[in-house]
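First the structure, in the form of structure tokens, and then the observations on it.
There are 2 protein chains.
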Amino acid sequence: MKRELSLSGAARLLAALLIRNKKTFASAESCTGGMVASAAVGVPGASRFFAGGAVSYSDRSKTILAGVPAGTVRRYTAVSPETAAAMAKGIREKLGADYGVATTGIAGPTGATEKDPVGAVYLAVSSARGETVRRRVYGGGRRAVRLAAARDALLLLCGTAERETEKTIGSGR
Amino acid sequence: MKRELSLSGAARLLAALLIRNKKTFASAESCTGGMVASAAVGVPGASRFFAGGAVSYSDRSKTILAGVPAGTVRRYTAVSPETAAAMAKGIREKLGADYGVATTGIAGPTGATEKDPVGAVYLAVSSARGETVRRRVYGGGRRAVRLAAARDALLLLCGTAERETEKTIGSGR
Chain A
9 MKRELSLSGA
19 ARLLAALLIR
29 NKKTFASAES
39 CTGGMVASAA
49 VGVPGASRFF
59 AGGAVSYSDR
69 SKTILAGVPA
79 GTVRRYTAVS
89 PETAAAMAKG
99 IREKLGADYG
109 VATTGIAGPT
119 GATEKDPVGA
129 VYLAVSSARG
139 ETVRRRVYGG
149 GRRAVRLAAA
159 RDALLLLCGT
169 AERETEKTIG
179 SGR
Chain U
9 MKRELSLSGA
19 ARLLAALLIR
29 NKKTFASAES
39 CTGGMVASAA
49 VGVPGASRFF
59 AGGAVSYSDR
69 SKTILAGVPA
79 GTVRRYTAVS
89 PETAAAMAKG
99 IREKLGADYG
109 VATTGIAGPT
119 GATEKDPVGA
129 VYLAVSSARG
139 ETVRRRVYGG
149 GRRAVRLAAA
159 RDALLLLCGT
169 AERETEKTIG
179 SGR
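Here the protein sequences line up with chains A and U, keeping their order.
Taking the working numbering, the leading residue of the first sequence gets 9, the next gets one more, and so forth.
Taking the working numbering, the leading residue of the second sequence gets 9, the next gets one more, and so forth.
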């Protein structure tokens, strides 16, 4: 069961998949704040599959570091599927990686909105084929929410990378 | 003893200091790869003192995300006091923060050079008054080296922020 993987386990799974396919990824993290990148760099030889990451917790850094258009955060708010997708796409293009992955959510203990409770996180993956976004609501405290979101972001990327590899193999037959 | 602080303890110490002085910091991390940023974001309300961070593990991301002049890495190598200082200065200026902090080193298990063994890390802090760089050599495995470097980077920043506050108070008398 993938859900029982640890964050570092998810990173090793992704590393093996990307290295085998000669692909790279970049990260743009808000609520997880570096956990995705740190898990990637935890794998020795990370430069083979990890192009770099932005920790874009503030609105300003989402634009400056992750390449999110300023209007996106203004129009949709920082915690939204649109901003998550723009972060994943922005960092992928900025660093010339094959994939981008992003997280933005409400890690707590405060910050709940009408739309989203504490623990709500948007996860996004971007590739040349487009963006995929998922909304999750996690229980537990700030640290538990962040760890679960970071792991699930890596697993969402694993899923996309696996599917796209299958399609490429399929279309090549 | 500051040396016995955990990474999260160092982050809480720094947070209290910066919030009291209404200052912010930004991070650019190579070998620690997001651990500094993640420790900062682990403190609730991190946007009050943390402007954002770059995980610039690859040479290219040091330039694109952290604002390091391309010639600096070429001339001095990625693991050098010059590159560490340029990362800290680059990210501070890019995000308009009061302080920048950076790490670059050899987390292992491979990568030792003639100049630096596995476990060697350069830590840098930048403020409007200039850059401070320290070289440390840590024992233990990849994770232990990264955790110790991330904690010591935060403590080096604490020291600079404390000293500069004292001077400001002193010169105001």
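We treat Cβ as the ideally placed atom computed from N, Cα and C, and that holds for glycine.
The beta carbon of Met95 (chain A) is closer than 6 Å to those of Ala36, Ala74, Val76, Ala110 in its chain, skipping five residues each way along the sequence. Taking a Cβ-Cβ cut-off of 9 Å, the neighbours of Tyr65 (chain A) in chain U comprise Ala45, Ala48, Val49, Ala54, Ser55, Phe58, Ala59, Gly60, Gly61, given in sequence order. Taking a Cβ-Cβ threshold of 8 Å, the residues of chain A close to Lys102 (chain U) are Ile72, Leu73, in chain order.
Given a length threshold of 3 residues, the stretch 70 to 106 of chain A has no whole run of the beta strand (DSSP E) inside it. It is roughly 30 Å from the alpha-carbon of Gly61 (chain U) to the alpha-carbon of Glu172 (chain A). For Pro89 (chain A), the nearest beta carbon of chain U is not closer than 8 Å to its own beta carbon. Contact note: Ser134 (chain U) does not reach chain A at a C-beta cutoff of 7 Å; the least C-beta distance is about 17 Å. When rounded, the separation of the alpha-carbon atoms in Val126 (chain U) and Ser14 (chain A) is 27 Å. Counting C-beta pairs closer than 8 Å gives fewer than three between the stretch 19 to 35 of chain U and the stretch 132 to 146 of chain A, which falls short of the contact rule. In the structure shown, the three-state DSSP call for Ala132 (chain A) is strand.
In the three-state DSSP reduction, Glu174 (chain A) falls in the helix class (H, G or I).
Only residues of its own chain outside the window of five on either side were considered, and among them Gly113, Ile114, Val145 have a CB closer than 6 Å to the CB of Ala128 (chain A), listed in chain order.
Not a single CB atom of chain A sits nearer than 8 Å to the CB of Pro77 (chain U). Excluding five sequence positions before and after Ala78 (chain U), the CB atoms of its chain that fall closer than 7 Å to its own CB belong to Thr71, given in chain order. Interface criterion met: the Cβ of Pro117 (chain U) is under 8 Å from a Cβ in chain A. Within the stretch 145 to 169 of chain A, the residues whose Cβ lies closer than 8 Å to some Cβ of chain U are Arg150, Arg151, Arg154, listed in chain order.
Pairing Gly104 (chain U) with Ala45 (chain U) gives a Cβ-Cβ distance that is not under 8 Å. Taking a Cβ-Cβ cut-off of 9 Å, the neighbours of Gly41 (chain U) in chain A comprise Gly42, Ala45, Ser46, Ala47, Ala48, Val49, Gly50, Ala54, Phe58, Gly61, given in sequence order. Put simply, the backbone Cα of Glu101 (chain U) is about 34 Å away from that of Arg143 (chain A). When DSSP states are grouped into helix, strand and coil, Val49 (chain U) belongs to the helix group.
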